[in-house]
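Asks: The structure's right below; bear with me while I get my questions together.
Shown next, in the form of C-alpha cells:
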C-alpha cells in the first residue's frame, strides 16, 4: 500500500500534467516532423533542399526574437521547441489536407503564415512593438527564401503581407472583444497568466484579483496532541482554501504552514483540507505571509 503524500501528488502533476517532454524527445519529434514534411514534398514532386533551409532559417530567427519575451524566462530551449513542434505539425497536417484539394507550389503558403496568429496572441500582451516587427520579418524571410519555387512571385508576395496584417489584426480583435466580454483589461489579464505560467511570477494576477476580492474573517485552528507531557503532533484546520492556482494567493499555504510549524515545534503536522471552496481563496501571497508570521511568532 502506497502512502498518499503531498510530495507524491505534486510530483505526479508536475510530471504528467504541467511538464513538457525532455529536450531530446522534443528534438527527435521536431526532426521527425521535418522528415515527414520532406516526404510530403517528395510525394508531390516539389522537394528541394531550399524548403528545409527556409524552415530552419525561420526557426533560428524566431528563436533569437522570442528570447526577449516572457517565454524565455525559464527553460527557454524546451519551451521554444514545444511551440515550434506544435506549429510544425499543425502546418504539416493542414498542408497534407490541402494537397488533396489544391495544388500548392509554395509549401505552407496558407498554414504556416496563419500559425503566426498563435505567436501574436503570445506577444501582444507584452506590448513590445519591436518584437512583433521582428517576428513578422522572420516569417517574411521564410517566404522570401521560398520565392524561387513559386510560379508567380508577385502573387505570392501580395498574399504574404496582407496575411501578416490580418493575423495581427485578428489577434488584436480577439483581445478587444474578450476585454469587453469579461469587463477587464484582457491584455493585462493575458500578461498576468503568461508571467505566472512562464516565469512563476504571480504579482500581476494577484494585483488584478485584489480588485475583485472581498474582506472575510477566516479562522485557523491548531490542535495539539500531547502524551506524557510531550508534544506528539499538531492538527491544523482552517477555512482558507488552497487556491486559486499554481503559486497565486493561498495555493501553497498547506506546504508553507506545515514547514514552519514542523520547524518551530519539531513535531509532525497534519493539515486538513476542510469543506471549503474557491470562494475562500486568499488573493494575495502577502496575506499568507502575514498568517505565516503570526503562526511563527505566537
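Numbering (my numbering), first residue to last: 1 to 298. Cβ atoms here follow ideal geometry from the backbone N, Cα and C, with glycine treated the same way.
By alpha-carbon positions, which one of 89, 47, 212 ends up nearest to residue 29?
Replies: Position 29 of the chain shown, counted from the first residue, corresponds to residue 29. Among 89, 47, 212, the Cα nearest to that of residue 29 belongs to 89.
Asks: Label residue 71 either buried or exposed according to how many other C-beta atoms from any shown protein chain fall within 10 Å of its C-beta, with 16 as the threshold for buried.
Replies: Along the chain shown, one-based indexing puts residue 71 at 71. The residue is buried, with at least 16 neighbouring Cβ atoms inside 10 Å.
Asks: Ordered along the chain, which non-local residues of its own chain (more than five positions away) have a Cβ less than 8 Å from that of residue 22?
Replies: For the purposes of this step, residue 22 is taken as residue 22 along the chain shown, with counting starting at 1. Once the five neighbours on either side are set aside, the close Cβ partners of residue 22 are 78.
Asks: So the beta strand (DSSP E) residue 224 belongs to, where does it begin and stop?
Replies: As a first step, residue 224 must be located in the chain shown, where it is residue number 224. Unbroken beta strand (DSSP E) run through residue 224: 220–227.
Asks: With 16 other CB atoms within 10 Å as the buried threshold, where does residue 206 fall?
Replies: Position 206 of the chain shown, counted from the first residue, corresponds to residue 206. It counts as buried.
Asks: According to DSSP, simplified to helix, strand and coil, what is residue 270?
Replies: Walking along the chain shown from the start, residue 270 turns up at place 270. Reduced to three states, the DSSP call for residue 270 is strand.
Asks: Quick one: what's got a C-beta closer than 8 Å to residue 268's C-beta in the same chain, skipping five residues either side?
Replies: What you label residue 268 is simply residue 268 of the chain shown in a count that begins at 1. Excluding residues within five positions, the ones whose Cβ falls inside 8 Å are 232, 233, 234, 262.
Asks: Does DSSP put residue 200 in a helix, a strand or coil?
Replies: Counting from 1 along the chain shown, the entry for residue 200 is found at position 200. Of the three classes helix, strand and coil, the one that applies to residue 200 here is coil, per DSSP.
Asks: Mind checking whether residue 145 and residue 54 have CB atoms under 7 Å apart?
Replies: One-based indexing of the chain shown puts residue 145 at position 145. One-based indexing of the chain shown puts residue 54 at position 54. In contact: residue 145 and residue 54 (Cβ atoms closer than 7 Å).
Asks: How far does the alpha helix (DSSP H) with residue 345 in it extend, from its first residue to its last?
Replies: With the chain represented from 1 up to 298, any question about residue 345 goes unanswered, as that position is not in the structure.
Asks: So residue 35 is in the alpha helix (DSSP H); what residue range does that whole segment cover?
Replies: One-based indexing of the chain shown puts residue 35 at position 35. It spans 23–44 - the alpha helix (DSSP H) in which residue 35 sits, taken as one unbroken run.
Asks: If we count Cβ pairs, one from each stretch, closer than 8 Å, do we get three or more for the region 236–250 versus the region 209–224?
Replies: The answer is yes - the region 209–224 touches the region 236–250, with three or more Cβ pairs under 8 Å.
Asks: Can you tell me which of the three DSSP states residue 16 falls into?
Replies: Counting from one through the chain shown, the residue named residue 16 turns up at place 16. Residue confidence for residue 16 is low, a pLDDT of 48 falling below 50, so the modelled location carries little weight; the figure read from the coordinates is stated next. If DSSP states are grouped into helix, strand and coil, residue 16 belongs with the helices.
Asks: Taking the alpha helix (DSSP H) that residue 61 belongs to, which residues open and close that run?
Replies: Locating residue 61 in the chain shown gives position 61, where the first residue counts as 1. Counting along the chain, the alpha helix (DSSP H) containing residue 61 begins and ends at 49–66.
Asks: Can you tell me whether residue 45 is buried or exposed? The criterion is at least 16 other CB atoms within 10 Å of its CB, across all chains shown.
Replies: Looking up residue 45 in the chain shown gives position 45. Exposed: under 16 other Cβ atoms inside 10 Å.
Asks: What are the start and end residues of the beta strand (DSSP E) that includes residue 238?
Replies: For the purposes of this step, residue 238 is taken as residue 238 along the chain shown, with counting starting at 1. From DSSP, the beta strand (DSSP E) with residue 238 extends over 230–238.
Asks: Measuring only the C-alpha atoms, how far is residue 283 from residue 118?
Replies: For the purposes of this step, residue 283 is taken as the residue at position 283 of the chain shown. For the purposes of this step, residue 118 is taken as the residue at position 118 of the chain shown. Approximately 30 Å, taken between the alpha carbons.
Asks: Check whether the region 47–64 and the region 171–183 touch, using three or more Cβ-Cβ pairs below 8 Å as the test.
Replies: Too few Cβ pairs lie closer than 8 Å, so no.
Asks: If we count the other Cβ atoms within 10 Å of its Cβ and call it buried at 16 or more, is residue 186 buried or exposed?
Replies: Working through the chain shown from its first residue, we reach residue 186 at position 186. Classification for residue 186: buried.
Asks: Suppose you measure from the CA of residue 80 to the CA of residue 265; what does that come to, to the nearest Å?
Replies: Position 80 of the chain shown, counted from the first residue, corresponds to residue 80. Position 265 of the chain shown, counted from the first residue, corresponds to residue 265. Rounded to whole angstroms, residue 80 to residue 265 spans 45 Å at the Cα level.
Asks: If we ignore side chains and look at the alpha-carbon of each, how far apart do residue 85 and residue 62 end up?
Replies: Looking up residue 85 in the chain shown gives position 85. Looking up residue 62 in the chain shown gives position 62. Taking the straight line from one Cα to the other gives about 13 Å.
Asks: On the DSSP letters alone, give me the boundaries of the alpha helix (DSSP H) that residue 116 sits inside.
Replies: Reading the chain shown from its first residue, position 116 is the one you call residue 116. First-last of the alpha helix (DSSP H) with residue 116: 116–123.
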